[in-house]
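Before any comments, here is the structure.
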Amino acid sequence: MPKKSALAATGFFRLWTAESISLTGAQVTTLALPLLAVLTMDAGAWETSLLTAAAGAANLVLGLSAGVWADRYERTLMMHVANLGRLIVLVAVPLLAWADALDIWVLALAAFLVGAFTLLFDSAMVPYMPRLVGAKNIGPANSWLEGSEAVGDVAGPGIAGTLVQWLSAPVALLVDAATYVVSSAALLGMPKAHPEKPEGAEKERHWDAVVSGLKLLRRDRYQWPLALASTHFNFFGAMFAALYLLYAIREVGMSPFTLGAMTMLGGAAGLIAAAVNQRVISRLGIGPTLVLSYALPGITAIPVGFAHVLDKPVGLTLIGISQFSWVFGIVVMHVCVNTIRQTLVPDHLMGRITASVRFMSWGVNPLGALVGGAMASTALGLANTLVVASVGLITSMLWPLLSQVRKLRTLDQQDPETSAEEPVTTES
-6 MPKKSALAAT
4 GFFRLWTAES
14 ISLTGAQVTT
24 LALPLLAVLT
34 MDAGAWETSL
44 LTAAAGAANL
54 VLGLSAGVWA
64 DRYERTLMMH
74 VANLGRLIVL
84 VAVPLLAWAD
94 ALDIWVLALA
104 AFLVGAFTLL
114 FDSAMVPYMP
124 RLVGAKNIGP
134 ANSWLEGSEA
144 VGDVAGPGIA
154 GTLVQWLSAP
164 VALLVDAATY
174 VVSSAALLGM
184 PKAHPEKPEG
194 AEKERHWDAV
204 VSGLKLLRRD
214 RYQWPLALAS
224 THFNFFGAMF
234 AALYLLYAIR
244 EVGMSPFTLG
254 AMTMLGGAAG
264 LIAAAVNQRV
274 ISRLGIGPTL
284 VLSYALPGIT
294 AIPVGFAHVL
304 DKPVGLTLIG
314 ISQFSWVFGI
324 VVMHVCVNTI
334 RQTLVPDHLM
344 GRITASVRFM
354 SWGVNPLGAL
364 VGGAMASTAL
374 GLANTLVVAS
384 VGLITSMLWP
394 LLSQVRKLRT
404 LDQQDPETSA
414 EEPVTTES
């Protein structure tokens, strides 16, 4: 991890703690909801894909509006509201399960609501962080925040797999609900962050603000190709993720406990990536690092589709390598992308630019999941669809590779040839 003395003085580690706890709970939900469907409802490829699609649909419905709200309202309050919403939903699901009133559509609604509140939390946290730590600490802070995601990746699946196998999926969801209480407790007393409001901002209508975010994104020579790369990557990533759990359990024969333990390996990779990414970026440059980080997950995911026809130890080894490389690449990718955005985009536009990117990149998750489920339900099958998704992941590297992004080495000393012709403004 990067040195933390400068960050500690800002109070950043309270935010880091809140995010780590919240993401650990989110990982419990990510595994527990589909396991609940597979183990108690005999869900198939289409049903598990539906849950993945429902979780991502919030980005299509509310993604752009969440960014406008983050540019208008106090950001710590938004994070508290998001935690409360997730708490209520994840307490309700076990109660409905024990009342025998749960079906796949109720689970899909729960997944949608959790996704919506997670979107609200993230839309507020991304612009809050630069205000908290200052421009010089953005890179190291992003490394720590990605480390917090890795903490969730390490702890969450292991907890979920153990709780589901020893107790039940509803109990796992109650544990998740409790994490949001702890997350909000860590945020108590944090400095408030009212968005900066330039002249005329109060007169801007909600829809005009939404549209301006999309127009600003489209004009930016760095943010736009990165948004396209994320959209491309997430489409094929959602195809893969929607089928992976079902494939691992039914084709490879993994137990919930083994599945959770294997996912923890990816979490360990995330911690390592968070520790070394600043050195990698310093050596290679932020642009080339991005290109490589987009390619890595797909390259190592291709062999996963063949795990079921290999000896089980070999198959599990290939899955473990994929888990490690997938998370390592994504953590480095996120640090680079977030640092570029938080350095180059003004505070009063950060929420809507971030939301516009997530509207595109997270908004394709439902489509990718449903396409994956539909393909796997044909003669192509689960394994071959995973291979197709893996190849698609690799090609996401073309967006940064064929744009000005690949020429970026540092953000404080940009090459004049690649620097923007004009800064991002509110003009549309």
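For the sequence shown, the working numbering begins at -6 and goes up steadily by one. Using N, Cα and C, we set each Cβ at its ideal position, and we do this for glycine too.
{"Check": "Extent of the continuous alpha helix (DSSP H) to which residue 97 belongs", "Outcome": "97 to 126"}
{"Check": "Residue span of the alpha helix (DSSP H) that contains residue 272, given as start and end", "Outcome": "249 to 277"}
{"Check": "Rounded C-alpha distance that separates residue 134 from residue 274", "Outcome": "15 Å"}
{"Check": "Segment contact, 8 Å Cβ cut-off, at least three pairs: the segment 37 to 45 with the segment 361 to 368", "Outcome": "yes"}
{"Check": "Three CB pairs or more closer than 8 Å across the segment 79 to 87 and the segment 96 to 103", "Outcome": "yes"}
{"Check": "Length of the line joining the Cα atoms of residue 401 and residue 335", "Outcome": "15 Å"}
{"Check": "Rounded distance between the beta-carbons of residue 291 and residue 384, thought under 8 Å", "Outcome": "7 Å"}
{"Check": "Cβ distance (whole Å) where residue 301 is taken to contact residue 376 below 8 Å", "Outcome": "6 Å"}
{"Check": "Boundaries (first-last residue) of the alpha helix (DSSP H) holding residue 320", "Outcome": "305 to 337"}
{"Check": "Of the residues 344, 398 and 0, the one placed nearest residue 186, counting alpha carbons only", "Outcome": "344"}
{"Check": "Where residue 371 falls, given that 16 or more other Cβ within 10 Å makes a residue buried", "Outcome": "exposed"}
{"Check": "Nearest to residue 306 (by Cα), restricted to the options 277, 245, 332 and 353", "Outcome": "245"}
{"Check": "Own chain residues within Cβ distance below 6 Å of residue 10, not counting five before or after", "Outcome": "179"}
{"Check": "Neighbour-count burial assignment, residue 182, 16 or more Cβ in a 10 Å radius", "Outcome": "exposed"}
{"Check": "Residue closest to residue 57, alpha-carbon to alpha-carbon, out of 399, 389 and 350", "Outcome": "350"}
{"Check": "Sufficient close CB pairs (3 or more, under 8 Å) joining the segment 91 to 100 to the segment 380 to 397", "Outcome": "no"}
{"Check": "Residue 16 - containing alpha helix (DSSP H), residue span", "Outcome": "5 to 34"}
{"Check": "Contact belief for residue 386 with residue 294 at Cβ below 8 Å, rounded distance in angstroms", "Outcome": "6 Å"}
{"Check": "Residue 115 classed as buried or exposed, judged by whether at least 16 other C-beta atoms fall within 10 angstroms", "Outcome": "buried"}
{"Check": "Cβ-based burial, residue 203 [other Cβ within 10 Å; buried from 16]", "Outcome": "buried"}
{"Check": "Separation of residue 396 from residue 73, as counted between CA atoms", "Outcome": "38 Å"}
{"Check": "Burial state of residue 34 (16 or more Cβ within 10 Å)", "Outcome": "exposed"}
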